[in-house]
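Peer 1: Sharing a structure with you now.
Numbering (the working numbering), first residue to last: 3 to 424.
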C-alpha cells in the first residue's frame, strides 16, 4: 500500500504535478509558435520577376542596370521598408522596388504583376503607389527649375550651343495621358478626341531632361487653361522666376529677353515664343519656324523617351487619379535620374536626329512605338510685346544669326512632313 501522505504532502505533490504539466504545455506552445512562424516564412512571396542584377533580362525588365538599381534601392529603402509582425513578415524593400519598376517598365496590370510575383492583388495595389511616391520623394531633386540668373543662363547657353536658338531657357509642352474613365466622373476627363485622359505639362532643358512637371489636370480642360493654374505660370506672371535681364544678340545692337518655347499652351508674349501658324509664310518666317522646332523638339523627345521606356503609358491606365499622379512624377524623376546614371536607358537613335553635314533627318525610334496625344489646336493668342520679340529673332536668324545648314535642312524637314504637332 502506498504510504500515508499528510495533508501538506498531498498539497506539495499536487503543486509539483501542476508545475510539470504547465512546463509541458509551455514547450508545446513554443513548438506551435515555431511551426506557425516557419509556415509564415515559407509563405512569403518569392519575387522572381527578374533575374539577378547584371543580366540582360534584369536590365530589360527594369530599364536600368544593377548599379542604378542598387543606388535607387539604397535611397528608397527607409521609406518602403515595413515592420515584420509575429504572424506576418513584410515584403522586403528590394522586392517592392522590383515589383514597382516592373510595373512602370511593362505596363502590365496589377493582377498580372501579382500572379508573376506571388504577391496578392490587394498588397500589390498598395505597394506600387507607395513605392512610386517614395521614388519621387527621393528623386524629386532631379527635376529642378533654375532659381538664379546664372542657372538660367547655363540653360540658355546649352540651347544656343546644341540647338542654335538664342536666349531660350526651356521648351514647354503638354500631352494627354490616357486613362480608364474614373468612376462617377461623367465627362470630366473626356478630351477632344473622345478618350479619357489627364494632361501633363512639362518644361524641358536642352538635354531632354525635365525641369518642371505638373500633372493632374483633367483631359477636358481647354488648351489655354492648362498652364494658368500652375505654380510656374504664377511665378512667370509675377516676375518671380528670377530670369536674367534682356541679352544682346551676338554681333548686333538688339537686346532680346530670355524666352520659353511653347506650342500653344500660352499666348506669344515677352517671355513666351511660339512658331508662326499662318498658311503663307515668308522665307524668314519659315526659317524662324525651323529654328524654333529644332530647339522645341527637346520637349517632344523627352516625352517620347518616357513613353517608350515606361510601358505603363502605352495604354489607358486603370488606377486612381492620385496614384496616376504618383506614377507620372516617379517616371519623370526616374527619367532624369537614369538618363544621367544609366548607359542603357537611352541612346541617340531614340530621339529625332538631324545630320546637318549630310542634310538628312531621322525621326526618333520612339515615334514607331509610342503615340503622343497632342493638345487641341486653338487660335494663337499674342501680345504686341511678344510679336516684337519674335520678329526680332526672325530677322536675326535670317541675318547675322543664320547657320550654314538652315536652308537645306528646312527643305529636308518639309519633305519629311515633320511637324511639332505629332
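In this text, a Cβ means the ideal position worked out from N, Cα and C, and glycines have one as well.
Pairs of beta-carbons, one from the region 105-116 and one from the region 357-372, closer than 8 Å: are there three or more?
Peer 2: no
Peer 1: Drop a sphere of 10 angstroms on the beta-carbon of residue 252, count the other beta-carbons inside from all chains shown, and report buried for 16 or more, exposed for fewer.
Peer 2: exposed
Peer 1: Can you give the beta carbon distance from residue 168 to residue 403, rounded, assuming they're within the 8 Å contact cut?
Peer 2: 7 Å
Peer 1: Could you give the C-beta distance for residue 181 and residue 334, rounded to a whole number, given that I count them as a contact under 8 Å?
Peer 2: About 17 Å; that fails the 8 Å criterion.
Peer 1: Which same chain residues end up closer than 8 Å to residue 92 when comparing Cβ atoms and leaving out the 5 residues on each side of it in sequence?
Peer 2: 83, 84, 85 and 86
Peer 1: Using 8 Å as the threshold, is the C-beta distance between residue 337 and residue 308 below it?
Peer 2: Cβ distance < 8 Å, so residue 337 and residue 308 count as in contact.
Peer 1: Taking the alpha-carbon positions, what's the residue 1 to residue 416 distance?
Peer 2: For the chain, the structure presents residues 3 to 424; residue 1 sits outside this window and is missing.
Peer 1: Report yes if the C-beta distance between residue 412 and residue 292 is below 8 Å; otherwise report no.
Peer 2: yes
Peer 1: Once DSSP output is grouped into helix, strand and coil, what is the label at residue 365?
Peer 2: coil
Peer 1: Can you give, in chain order, each stretch of the beta strand (DSSP E) that sits fully within the region 329-408 and has at least 3 residues?
Peer 2: 355-357 and 362-364
Peer 1: When you compare the CB positions of residue 228 and residue 267, do they come within less than 8 Å of one another, or not?
Peer 2: For residue 228 and residue 267, yes; Cβs fall inside 8 Å.
Peer 1: Have a look at residue 132 and residue 301 and give me their C-alpha separation to the nearest angstrom.
Peer 2: 28 Å
Peer 1: Hey, how far is the Cα of residue 135 from the Cα of residue 329?
Peer 2: 8 Å
Peer 1: Can you tell me the Cα-Cα spacing of residue 246 and residue 367, whole angstroms?
Peer 2: Going by the C-alpha atoms only, they are around 36 Å apart.
Peer 1: So is the beta-carbon of residue 193 under 7 Å away from any non-hydrogen atom of the ligand NAD?
Peer 2: Absent from the structure shown: the ligand NAD. Ligands present: none.
Peer 1: Quick one, which of 157, 179 and 346 has its alpha-carbon nearest residue 2's?
Peer 2: Since the displayed the chain opens at 3 and closes at 424, residue 2 lies outside it and no answer follows.
Peer 1: CB residue 88 to CB residue 224, shorter than 8 Å?
Peer 2: no
Peer 1: Ordered along the chain, which non-local residues of its own chain (more than five positions away) have a Cβ less than 7 Å from that of residue 357?
Peer 2: none
Peer 1: Decide if residue 137 is buried, meaning its Cβ has at least 16 other Cβ atoms within 10 Å, or exposed.
Peer 2: buried
Peer 1: My assumption, with CB atoms under 8 Å, is that residue 221 sits in contact with residue 192. Please give the rounded CB distance.
Peer 2: Residue 221 to residue 192, Cβ: 6 Å. Contact.
Peer 1: Leaving aside the five residues before and after residue 75 along the sequence, list all residues of the same chain whose C-beta is less than 7 Å from its C-beta, in chain order.
Peer 2: The beta carbon of residue 75 is closer than 7 Å to those of 95, 96 and 99 in its chain, skipping five residues each way along the sequence.
Peer 1: To the nearest angstrom, how far is the alpha carbon of residue 363 from that of residue 324?
Peer 2: 40 Å
Peer 1: Quick check on the DSSP output: the beta strand (DSSP E) that includes residue 219 runs from which residue to which?
Peer 2: Run containing residue 219: 212-220, per the beta strand (DSSP E) assignment.
Peer 1: Counting Cβ pairs, one atom from each stretch, are 3 or more of them under 8 Å apart for the region 343-350 and the region 146-154?
Peer 2: No contact exists between the region 343-350 and the region 146-154.
Peer 1: When the distance is taken between beta carbons, is residue 210 closer than 8 Å to residue 303?
Peer 2: yes
Peer 1: Using the beta-carbon count (16 or more within 10 Å), is residue 317 buried or exposed?
Peer 2: exposed
Peer 1: DSSP three-state label for residue 324, please.
Peer 2: helix
Peer 1: State the Cα-Cα distance for the pair residue 201 and residue 280, rounded to the nearest angstrom.
Peer 2: 27 Å
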